[in-house]
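S.K.: Attaching a single structure in structure tokens format; questions to follow.
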Amino acid sequence: MNVNTVLLAISLIAIFGFISEVLFRRTNIPDVLFLIIFGFLLGPNGFGYTSPEALANIAPVCTTFTLLILIFDGAFNINLSSLIREFSSSLKLTIYNFVISTVVVGGVFYYIHRFHLDGTTMMASMIIGFSLAGVSSSFVIPILSQIRVGGKLF
Numbered sequence: 001m002n003v004n005t006v007l008l009a010i011s012l013i014a015i016f017g018f019i020s021e022v023l024f025r026r027t028n029i030p031d032v033l034f035l036i037i038f039g040f041l042l043g044p045n046g047f048g049y050t051s052p053e054a055l056a057n058i059a060p061v062c063t064t065f066t067l068l069i070l071i072f073d074g075a076f077n078i079n080l081s082s083l084i085r086e087f088s089s090s091l092k093l094t095i096y097n098f099v100i101s102t103v104v105v106g107g108v109f110y111y112i113h114r115f116h117l118d119g120t121t122m123m124a125s126m127i128i129g130f131s132l133a134g135v136s137s138s139f140v141i142p143i144l145s146q147i148r149v150g151g152k153l154f
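Laid out in structure tokens, this is it:
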């Protein structure tokens, strides 16, 4: 990949990010969904403009910086007094979210692979569920900041 192609790709992603944010404000559909669909359309299963091999060198750097930005953005918007006051209820909500996400993702993975593909064990399905259940906070923090949730959730 040459420099011009990379800069064009980054520019298009940023422009589409702004467009998806405008669509979120009008439709209340999370902008992350629009970005996932955009990425799918650009990939090998969509129009085939890019391939995983072409992005293999830059993907670890992009994911690291993306997670850093999301975590710092969430950390700077925390009100410490409300965090201390609501710690027990937020811990309950986090545990419920993790358990439900693990069971749902693991169950769906087990069902798909057990009955429709080659087959898998329940342990492998739950490991997939555990690994994917923790990722949800990287989606929840930006969505909660955009939909202006009230002070108390639970």
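If you're matching positions, the sequence shown starts at 1 in the UniProt record's numbering and goes up one per residue. Note that CB positions come from ideal geometry on N, CA and C, so glycine has one too.
Taking 7 Å as the cut-off, is the beta-carbon of valine 103 closer than that to any non-hydrogen atom of the ligand SAH?
M.R.: Of the ligands one can find in the structure shown there are none, so the ligand SAH has no counterpart to examine.
S.K.: Going by DSSP, what residue range makes up the alpha helix (DSSP H) through alanine 54?
M.R.: Run containing alanine 54: 52 to 55, per the alpha helix (DSSP H) assignment.
S.K.: Along the chain, where does the alpha helix (DSSP H) that runs through asparagine 97 open and close?
M.R.: Counting along the chain, the alpha helix (DSSP H) containing asparagine 97 begins and ends at 87 to 115.
S.K.: Hey, isoleucine 29 and leucine 23 are a contact pair by Cβ (cut 8 Å); roughly how many whole angstroms apart?
M.R.: With a Cβ gap of about 7 Å, isoleucine 29 and leucine 23 count as contacting.
S.K.: Between phenylalanine 38 and the rest of its own chain, which residues show a CB-CB distance below 7 Å, the 5 nearest in sequence each way excluded?
M.R.: So the list reads Phe16, once near-sequence residues are dropped.
S.K.: With burial defined as no fewer than 16 other Cβ atoms inside 10 Å of the residue's Cβ, what is the status of glycine 129: buried or exposed?
M.R.: Its Cβ being crowded by 16 or more others within 10 Å, glycine 129 is buried.
S.K.: Since leucine 41 and serine 20 are thought to touch, with beta carbons under 8 Å apart, how far apart are those beta carbons, to the nearest angstrom?
M.R.: That belief does not hold up - the Cβ atoms of leucine 41 and serine 20 are roughly 13 Å apart, past 8 Å.
S.K.: With threonine 27 as the anchor, note down where its alpha helix (DSSP H) starts and where it stops.
M.R.: Where threonine 27 is concerned, the enclosing alpha helix (DSSP H) stretches over 3 to 27.
S.K.: Just the Cα atoms here: how many angstroms apart are leucine 55 and leucine 70?
M.R.: So the two alpha carbons sit approximately 21 Å from each other.
S.K.: If you draw a straight line from the C-alpha of glycine 74 to the C-alpha of isoleucine 95, how long is it?
M.R.: Approximately 19 Å between the Cα atoms of the pair.
S.K.: Exposed or buried, what is valine 105 when buried is set at 16 or more other beta-carbons lying within 10 Å of its beta-carbon?
M.R.: It counts as buried.
S.K.: Please work out which residues of its chain come closer than 7 Å, Cβ to Cβ, to glycine 43, disregarding the five sequence neighbours upstream and downstream, and give them in chain order.
M.R.: Here the set comprises Thr50.
S.K.: Which term fits threonine 64, buried or exposed, when burial requires 16 or more other beta carbons within 10 angstroms of its beta carbon?
M.R.: With fewer than 16 Cβ atoms within 10 Å of its Cβ, threonine 64 is classed as exposed.
S.K.: Flag this pair as yes or no: are the beta carbons of serine 125 and phenylalanine 109 separated by less than 8 Å?
M.R.: Yes.
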